Amino acid sequence: MPGSQNFGIMEIIIMAFRLYRDMPEDKKCQVRDCKEDNHKTVPADLASKVFSFDSKLTKVHLCKEHYKKYKKETKKEREAQRADWV
Ligand SMILES: [Zn+2]
């Protein structure tokens, strides 16, 4: 039946469209249980001293609030890194 076949194709197109739409185009904060939008992307090795992440990453996205906390908590580490250059 050509009618039902057409319906099948339409369904596939709708499914593909939904998949495309649901792609994480805008990045989210990657701190566990946080659903906020990405504010800054930071090195994961430093960020993982402050937060825990679901998987091994090299870079992580943080929202505004978590970035504030990250900056505060890693101040010493980041200053120590800077001191190494002197
Ligand atoms: Zn967050």
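Sequential numbering of the sequence shown, starting at 1494, is according to the working numbering. Just so it is clear, CB atoms sit at the ideal spot from N, CA and C, and this is done for glycine as well. Note that this is a predicted model, so its numbers are computed, not measured.
{"Check": "Kindly identify the DSSP beta-bridge partner or partners of Lys1557.", "Outcome": "Answer is none; Lys1557 lacks a bridge partner."}
{"Check": "Could you spell out where the beta strand (DSSP E) holding Lys1533 opens and where it closes?", "Outcome": "Lys1533 to Pro1536"}
{"Check": "Enumerate in chain order the residues of its own chain whose CB-to-CB distance from Cys1527 is below 7 Å, with the five nearest sequence positions on each side excluded.", "Outcome": "Cys1556 and His1559"}
{"Check": "Can you tell me the Cα-Cα spacing of His1554 and Lys1521, whole angstroms?", "Outcome": "7 Å"}
{"Check": "State the beta-bridge partners of Lys1552 as determined by DSSP.", "Outcome": "Pro1536"}
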